[in-house]
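Going by UniProt numbering, the first residue of the sequence shown is number 1, and it counts up by one from there.
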Amino acid sequence: MLEADRIADTLALDEPVGRVRMVSPGRAKALDAMGIRTVRDLVTHVPRRHLDLTNVQTAASCPLGQLCTVVGVVHKAQLKRPRPRLALVEITLVDATGTLMVTMFQQPWLMDKLEQGMRIAVSGKVEFNYGFKRMTNPFLEVLEPDQDAQGRVIAVHPATEKLSATMVRRLVGNALEACAGLLDPLPTALRTRYRLMSRMTALRCLHFAHDMDEVREAKRRLAYEEVLLLELALMTEGLKRTAGRRPCAHVVDGPALRALDAAVPFTLTAEQQKAREEILSRLAAPEAANHLLLGDVGTGKTVVAAYALAAAADTGGQAMLMAPTEVLARQHGKTLGPLLDAANVSWAVLTGSTPAAERDAIQAGLADGSLSVLVGTHALLEDDVVPKRLTLAVIDEQQRFGVDQRARLLDKGEAPDALYLTATPIPRSLALAVYGNLTLSYLKARPNRGAVRTTHLHRKADRGRAYDAAKEALKRGEQVYVVCPLIEEAPEKKDAKRSGGLQDNDVYAFDRVVIESDEDFAGADVSAATKQAAYLQSTVFADWDVALLHGRMKPAEKQEVMDRFARNESQVLVATTVIEVGVDVPNATVMIVEDADRFGLSQLHQLRGRVGRGALDAQVHLVAATKDAEALKRLSALERTDDGFELAEFDLSLRREGDILGNRQHGASALKLVNIVRDRNVIEAAHRDAEDLLARDPMLDQPEHRALAREMRLLFSSAADIQGG
Ligand code: ADP
Ligand code: MG
Numbered sequence: 001m002l003e004a005d006r007i008a009d010t011l012a013l014d015e016p017v018g019r020v021r022m023v024s025p026g027r028a029k030a031l032d033a034m035g036i037r038t039v040r041d042l043v044t045h046v047p048r049r050h051l052d053l054t055n056v057q058t059a060a061s062c063p064l065g066q067l068c069t070v071v072g073v074v075h076k077a078q079l080k081r082p083r084p085r086l087a088l089v090e091i092t093l094v095d096a097t098g099t100l101m102v103t104m105f106q107q108p109w110l111m112d113k114l115e116q117g118m119r120i121a122v123s124g125k126v127e128f129n130y131g132f133k134r135m136t137n138p139f140l141e142v143l144e145p146d147q148d149a150q151g152r153v154i155a156v157h158p159a160t161e162k163l164s165a166t167m168v169r170r171l172v173g174n175a176l177e178a179c180a181g182l183l184d185p186l187p188t189a190l191r192t193r194y195r196l197m198s199r200m201t202a203l204r205c206l207h208f209a210h211d212m213d214e215v216r217e218a219k220r221r222l223a224y225e226e227v228l229l230l231e232l233a234l235m236t237e238g239l240k241r242t243a244g245r246r247p248c249a250h251v252v253d254g255p256a257l258r259a260l261d262a263a264v265p266f267t268l269t270a271e272q273q274k275a276r277e278e279i280l281s282r283l284a285a286p287e288a289a290n291h292l293l294l295g296d297v298g299t300g301k302t303v304v305a306a307y308a309l310a311a312a313a314d315t316g317g318q319a320m321l322m323a324p325t326e327v328l329a330r331q332h333g334k335t336l337g338p339l340l341d342a343a344n345v346s347w348a349v350l351t352g353s354t355p356a357a358e359r360d361a362i363q364a365g366l367a368d369g370s371l372s373v374l375v376g377t378h379a380l381l382e383d384d385v386v387p388k389r390l391t392l393a394v395i396d397e398q399q400r401f402g403v404d405q406r407a408r409l410l411d412k413g414e415a416p417d418a419l420y421l422t423a424t425p426i427p428r429s430l431a432l433a434v435y436g437n438l439t440l441s442y443l444k445a446r447p448n449r450g451a452v453r454t455t456h457l458h459r460k461a462d463r464g465r466a467y468d469a470a471k472e473a474l475k476r477g478e479q480v481y482v483v484c485p486l487i488e489e490a491p492e493k494k495d496a497k498r499s500g501g502l503q504d505n506d507v508y509a510f511d512r513v514v515i516e517s518d519e520d521f522a523g524a525d526v527s528a529a530t531k532q533a534a535y536l537q538s539t540v541f542a543d544w545d546v547a548l549l550h551g552r553m554k555p556a557e558k559q560e561v562m563d564r565f566a567r568n569e570s571q572v573l574v575a576t577t578v579i580e581v582g583v584d585v586p587n588a589t590v591m592i593v594e595d596a597d598r599f600g601l602s603q604l605h606q607l608r609g610r611v612g613r614g615a616l617d618a619q620v621h622l623v624a625a626t627k628d629a630e631a632l633k634r635l636s637a638l639e640r641t642d643d644g645f646e647l648a649e650f651d652l653s654l655r656r657e658g659d660i661l662g663n664r665q666h667g668a669s670a671l672k673l674v675n676i677v678r679d680r681n682v683i684e685a686a687h688r689d690a691e692d693l694l695a696r697d698p699m700l701d702q703p704e705h706r707a708l709a710r711e712m713r714l715l716f717s718s719a720a721d722i723q724g725g
């Protein structure tokens, strides 16, 4: 093939899908509804599953109780309506060896599709009843007469009412023709190293394979390519921030840092020490650091960040630490202040409610360089907050800030080092896929302060046990949280397709509780915080003071309630998820979560981080309203492990990625073929390879990298959008 043809075929990938044979305007519209607009979209339309016809069983040989595929001829298809709202199609399928009965529920339209004598493949579990082998609701595919010529594995694509899977497959085949000669963007060196198929072969095998090995190899190749391109996009985007600017190489063994070290009232854990060294070595390097410190609530990220602040002061630079709420900013002031004082580092806290005079003084100190560390909220982003020489920006709970907010803070310096802190337990593979341009440090264990936290799952009927445990704690003088998913009773209904209660991306959306729209749930058994508080006060906790906290209260009211609880003037705090952040009461040792199944795992984990913060043992009692075995199994993971990262991996293995971080803007959601948990090796490899490639060819403009660079730009034209929000 001529080079020019290859280029034409490569370009064809990004042409409108209408150029593909048989894609009429009507079909183009139907494809559009599935998000397929270009030839590329069509050839990368990943099959939902594959029907393996190389491994078909006969009606006689198919084993009971196992998944298998049987090919046969429709002898009879009958529509039955045993009950008014029940339609079932019963198919008698025959092959050379015998008969298989197939029952399809609620798909009466199949009657139009099936004809006597038609060859079909069914794939499902075989049972034996009423004297026949039977499959109920198997996957069913009508085979075309020329099926065998197409290969022995049938790809089943996502389809719609307007466009059957069969038609989609045919169109995919035509799309492959339209770009048959496309160039492979992967450098040969990488292809040979991992023994990967060429891109075209992989695309062909994805849709028209001869056996399942080909499908696996195709996916392996395409998955690798996906991650590599994503990593490259994230990394090159990361480089852009400081292109042409002079980053700061921090002094990391100066007097402030040493004094701070001496002032820290405890010994850092091994993980904290490691994280500190990792961070300091990034700060010392003459490149702009982009470092993410991941650690569960209570793992002690703040003190690690303090060392970075001290390094900025030692360097004669300035540092700003931005937190998402006023409460958090003030808390940081309270804990960091004494350490910074001991290190002789000047500091201040700036929030929206800082009095004007103090604000003026802070701005002046910042501008003339006499103020080294400024802790604050979004107030730091104001235009009149102008540091003289910002060399470090620390962003706490970074996922709660938007991309542009983070960028605005960083823009206050020439090329400041960036240190991000997050309590979202993002497993390393996901972190690489989402924040490929960041270096990572993990804090997995909480500093051992002798306290133990246990979690117990109860069915609703047994919730008395949770209350008993709470009363025991109250009698010991300790305090209790009761968390409810709702404020008032009327549930706000949302997208019916969402399942599993709260999604993890709602972790930071306080009070924005999303309810499954299942009918039973609209009922009265929802624990509304308001009602629950009144109820508990008058019954179970009559001997104590029960307070109520929820997100619809005014900030001042909230603060008042939290302060009273902190002073132990109220002993039981009934709250919605507002308590996730900002409440720190070491004397609170028991947490009861009502309707725990309405929350995502990581949100529950986040919630339970509120207890066990002091020296006292803590208990978390999850009361599940559901009897659903899957949901209970999911919740029981919280009983099993207290490690947020382990939980996050478990959660990811149950659901698709994107759930931990929200599925809006993350690079990970661009990954069609990669599963974050299963493919962690692929992600690690691609991450390393992307780093190597960019180290050797930062602009990717060497001839063997040009196709790669082009693909990367095409796929992730706006990497800022995928930088995780
Ligand atoms: P995070 O921000 O990661 O949730 P913090 O930085 O607020 O956690 O730390 C939680 C608590 O643990 C604080 O009271 C802090 O003083 C304490 N802490 C941190 N590191 C240690 C340590 N190594 N030993 C004992 N206590 C520690
Ligand atoms: Mg913190």
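Yeah, the Cβ is synthetic: ideal placement off N, Cα and C, and Gly gets one too.
- No Cβ-Cβ contact shorter than 8 Å links Ala433 with Val677.
- Here His75 is exposed. Its C-beta has fewer than 16 other C-beta atoms within 10 Å.
- Assignment of beta strand (DSSP E) within the stretch 186–211, counting only whole runs of 3 or more residues, yields no such run.
- Fewer than three pairs of CB atoms, one per stretch, sit closer than 8 Å, so the stretch 283–298 makes no contact with the stretch 327–346.
- Of the residues Pro84, Cys68, Thr377, Val39, the one whose Cα lies closest to the Cα of Val168 is Val39.
- Pairing Lys475 with Asp543, the inter-Cα distance amounts to about 10 Å.
- Contact between the stretch 228–247 and the stretch 399–418 is present: three or more C-beta pairs spanning the two stretches fall below 8 Å.
- Of the residues assessed, Lys80 falls on the exposed side of the cut-off, its CB having fewer than 16 other CB atoms within 10 angstroms.
- Taking all protein chains shown into account, Met22 has fewer than 16 neighbouring C-beta atoms within 10 Å of its C-beta and is therefore exposed.
- Membership of Gly333 in the alpha helix (DSSP H) is indicated by the continuous run 326–342.
- For Leu339, the CB stays at least 7 Å from every heavy atom of the ligand ADP.
- In this structure Thr577 touches Val483 by the C-beta definition: roughly 7 Å separates them, less than 8 Å.
- Contact between the stretch 216–236 and the stretch 196–204 is present: 3 or more CB-CB pairs across the two stretches fall below 8 Å.
- A residue is called buried once 16 or more other Cβ atoms fall within 10 Å of its Cβ, and Leu2, having fewer, is exposed.
- Here Ala629 is not near Glu231, since their CB atoms are 8 Å or more apart.
- A distance below 8 Å between beta-carbons, with the five flanking residues on each side excluded, links Leu616 to the following residues of its chain, in chain order: Ala451, Glu478, Pro586, Asn587, Thr589.
- Spatial neighbours of Arg199 in its own chain (CB-CB distance under 6 Å, excluding positions within 5 residues in sequence) are listed in chain order as Asp184.
- By the beta-carbon neighbour count (other beta carbons within 10 angstroms, threshold 16), Asn681 is exposed.
- Nearest to Cys179 by C-alpha distance, out of Leu392, Pro427, Val17, is Val17.
- The ligand ADP has a heavy atom closer than 7 Å to the beta-carbon of Leu268.
- With respect to Gln559, Val546 sits apart: the two C-beta atoms are not nearer than 8 Å.
- Note on geometry: alpha-carbon atoms of Leu693 and Leu700 lie some 8 Å from one another.
- Along the length of the stretch 99–133, whole beta strand (DSSP E) runs at least 3 residues long occupy 119–129, reported in chain order.
- In the three-state reduction of the DSSP assignment, Asn568 falls in the coil class, being assigned neither a helical nor a strand state.
- Restricting attention to Ser353, Ala357, Ala379, the CA atom closest to the CA of Leu321 is found in Ala379.
- Arg453 sits close to Val620, with the two beta carbons spaced by under 8 Å.
- Secondary structure note for Leu93: its beta strand (DSSP E) is the uninterrupted segment 86–95.
- Nearest Cα to Lys444 within the set Leu430, Asp462, Tyr435, Thr424: Thr424.
- Distance check between Arg170 and each of Leu42, Ala262, Ile120 places Leu42 closest, using alpha-carbon atoms only.
- Here the stretch 378–394 makes contact with the stretch 311–321; the two share three or more CB pairs at distances below 8 Å.
- Look at Lys219 here: in three-state DSSP terms it is helix.
- Within the same chain, Cβ atoms closer than 8 Å to the Cβ of His458 are found at Arg465, Ala466, His621, Leu622, Val623, Ala624, the five residues on either side in sequence being excluded.
- Placement of the Cβ of Val303 at a distance of less than 7 Å from at least one heavy atom of the ligand ADP is found.
- Looking only at Arg37, Glu278, Gly551, Ala342, the smallest Cα-Cα distance to Asp261 is reached by Ala342.
- Only buried fits Thr351, as 16 or more other CB atoms lie within 10 angstroms of its CB.
- Taking the C-beta atoms as reference points, Val70 is found nearer than 8 Å to Leu93.
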